[in-house]
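What follows is a single structure, written as C-alpha cells, with notes after it.
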Amino acid sequence: MTMEKNLWEQVQLVRQKSPLVHNITNYVVMNNTANALLAAGASPIMAHAHSEIKDMINIAHSVVINIGTLDEYWAESMLLAAETADTLHKPWVLDPVGAGATSFRDQILHQLLQFHPTVIRGNASEIIALAKTNTTVTKGVDSTAASNYAVEAAQILVNQYNTIVCISGETDIILSRDQSIQIKNGHALMTKVTGLGCSATALIGAFIGVAEDKASGTAAAMSLLGIAGELAVRESKGPGSLQVNLIDKLYNITEEEFTNHLEIEIS
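Written out as C-alpha cells, the structure reads:
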C-alpha cells in the first residue's frame with residue numbers, strides 16, 4: 001500500500017469510527033478545535049471538572065492536554081487526566097504551549113511528562129524549551145539553527161519518554177524511535193489564524209484514538225490539516241475567511257485532493 005493510500009485510509013477511519021476525544025484545552029481555541037474535530041469526523045468533549053475527569057476518560061478514545069491558558073485548577077485537571085490516561089492505557093497528546101515562558105508552566109510540563117504522553121506536538125521553540133526543562137542540551141544556538149536544534153531536542157524527548165514528537169513549522173517533522181517523517185503541506189496564511197496549531201494537536205488526538213500505528217496516525221492528522229489549509233487558502237480573502245473555509249475543507253476533502261497534494265518524506 002502506498003503512503004498516500006495508507007494516510008487516506010486513516011482519514012476515512014476517523015470518519016467511520018468518530019472517536020470521542022476528551023480535550024482539556026485553552027479558552028482561546030475551544031470553539032476552533034471542537035469544530036475541527038467535528039469536521040474531520042471525530043466527537044469532541046471539553047471537560048475540566050476534577051470530579052468527572054476519570055469517568056470521561058474511561059469512555060474516551062483519546063485525551064488532548066493543551067496548557068495554553070494555564071491556571072492552578074486546570075493544572076490539577078490536566079495532571080489528573082494524564083495520570084488516568086496513563087493508567088487506562090489511553091493514548092494522549094501533550095501540547096506544551098508557551099513552554100519556557102514561566103517556571104510555573106515548566107513545572108507543570110515536567111509533571112505531565114511523567115505520565116508518558118503518546119505524542120508531544122509543539123513548535124520548534126516549545127520543543128527546545130521542553131527538552132531544556134527536563135534534561136541538558138547544547139547552549140548557545142542562534143535563531144538560524146532553530147529547526148535543526150529542535151530536531152535534536154525532539155530526539156531527546158523521544159528517547160527519554162518513549163514518545164512521538166511532532167515539530168510544527170513550514171515543514172512538520174514527526175520523530176519516533178524508528179523513523180522520521182517530514183510533511184511539507186500548509187500555507188503561510190495559516191499562521192494568521194489563532195489556534196490552528198492547537199487544532200493540529202486535537203486532530204492528532206482523534207487519529208491516534210483509532211490508529212494502530214501512532215506515528216502514522218500523527219502524520220495523517222498533520223497531512224490532513226496542511227492540505228486542507230492549502231486548498232482553503234485558494235478560496236479565502238484573508239485569515240477570517242480562511243478559518244471558515246478550512247473547517248469546510250476538513251469536512252469535504254476528497255481522496256483525489258488529499259493524495260494529489262500530499263508532500264511527505266519518510267526516513
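Numbering-wise, the UniProt record's numbering puts 132 at position 132 of the sequence shown, and it's gapless, one number per residue. Using N, Cα and C, we set each Cβ at its ideal position, and we do this for glycine too.
Nearest neighbour of residue i, chosen from the options [CA to CA]
i	options	result
Q182	E263, V14, A34	E263
L224	H116, N185, L112	N185
A49	N66, S77, T201, Y251	S77
L79	C198, H116, A36, I127	H116
A219	V64, A82, I266	I266
H261	H187, T33, G240, G209	H187
I24	I127, K237, S176, N66	N66
K249	A36, E4, K237	A36
F207	S62, E83, A47, A228	S62
V151	A75, S176, A47	S176
T194	L13, Q16, N32, Y161	N32
V28	G209, A228, R15, G197	G197
P19	E235, G229, G209, T259	G209
P91	D106, T118, W74	T118
I57	E83, A34, A75, D106	E83
Beta carbon proximity, residue i to chain C, threshold 8 Å
i	result
I108	Of the chains in the structure shown, none is chain C; there is only one protein chain.
Residue burial classification, residue i (beta-carbon count within 10 angstroms, cutoff 16)
i	result
L231	buried
residue 285	The question about residue 285 has no answer, for the chain in this structure spans 1 to 267.
D178	exposed
K192	exposed
T102	exposed
I59	exposed
D172	buried
I204	buried
residue 283	The shown model of the chain, from 1 to 267, leaves out residue 283, and the question about it has no answer.
K5	exposed
L159	Note that residue 159 is Asn in the sequence shown here, rather than Leu. Its Cβ having fewer than 16 others within 10 Å, N159 is exposed.
E235	exposed
R15	exposed
Cα-Cα separation between residue i and residue j, rounded to whole angstroms
i	j	result
V244	A211	28 Å
E9	I174	19 Å
L246	A42	16 Å
M222	E72	31 Å
K54	E255	37 Å
G68	M30	11 Å
V141	Y149	At V141, the pLDDT of 39 sits below 50, so the modelled position is not reliable; the number obtained from the coordinates is stated separately. Going from the Cα of V141 to the Cα of Y149 covers about 8 Å.
T136	T2	Residue placement at T136 is poorly supported in this model, since its pLDDT is 48, which falls under 50; the coordinates are not used for a value here.
G226	A200	9 Å
L7	G217	8 Å
L113	V233	36 Å
I45	S241	25 Å
G98	I156	19 Å
M190	S51	37 Å
H22	K214	17 Å
V64	A202	6 Å
A153	H89	26 Å
G100	L94	15 Å
N26	I108	15 Å
A85	P239	35 Å
E257	A131	37 Å
Y161	K237	43 Å
residue 268	A129	Outside the displayed span of the chain (1 to 267) sits residue 268, for which this structure offers no information.
L70	T259	38 Å
V228	V11	In the sequence as displayed, the identity of residue 228 is Ala instead of Val. Their Cα atoms are separated by approximately 12 Å.
A39	A47	20 Å
Bridge partners - residue i, DSSP secondary structure assignment
i	result
E265	Q182
V21	P44, S62
L94	I65, I120
C166	R121, I174
beta-carbon residue i near the ligand FMN non-hydrogen atom, thresh 7 Å
i	result
C198	This structure does not include the ligand FMN; it has no bound ligands of any sort.
Inset, instruction - Count the C-beta pairs between the region 117-127 and the region 152-169 that are closer than 8 Å, then say yes if the count reaches three, no if not. - result: yes
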